[in-house]
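In what follows, a structure is listed as structure tokens, so that the remarks can point back to it.
What follows is the structure, given as structure tokens:
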């Protein structure tokens, strides 16, 4: 297994895709340092990048989905975001069976990825569920607030 000592993702507001992606990676690489930046000179020095860098290439440990062509889609056309890309490449290290891996992708990762890509995975006009993405977004400071500890989160 390649040693991952630094993991880079974007700074600023938290989104469910990079939060879950980082959490998955920290389970596998608990000693890895998390670097939150939008500075290419800094994130390009990290051992692994997610949700930053405009590049998807597992060989170079780049797991972004913001490039024009995206980072691929699942068989059901849900496009990958950072959480799904990390789960796709690292998730099997955390579960015992392929069936468990598939179930977590189907029931959790796909929804995180869909929402991050602007796809609402529900169709009710009367009630909107409060998603994990909503919960994470609710913890971001408003435009009038400044959270000095945000980059430490």
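Numbering (this note's numbering), first residue to last: 276 to 428.
The beta-carbon is built from N, C-alpha and C at its ideal position, and this holds for glycine as well.
Computed from a predicted model, the values in this text were never measured in an experiment.
Test item: CB-CB of residue i and residue j under 8 Å
i: residue 411; j: residue 294; result: yes
i: residue 291; j: residue 407; result: yes
i: residue 284; j: residue 327; result: yes
i: residue 354; j: residue 409; result: no
Cβ neighbour criterion (16 or more within 10 Å) applied to residue i
i: residue 280; result: exposed
i: residue 417; result: exposed
i: residue 340; result: buried
i: residue 325; result: buried
Under the three-state DSSP convention, the category residue i falls into
i: residue 321; result: coil
i: residue 354; result: strand
i: residue 394; result: coil
i: residue 287; result: coil
i: residue 371; result: coil
i: residue 281; result: strand
CB-CB length for residue i against residue j, believed under 8 Å
i: residue 323; j: residue 302; result: Residue 323 to residue 302, Cβ: 14 Å. No contact.
Inter-stretch contact (C-beta, 8 Å, three-pair minimum) for the region 377-392 and the region 355-362 = The answer is yes - the region 355-362 touches the region 377-392, with three or more Cβ pairs under 8 Å.
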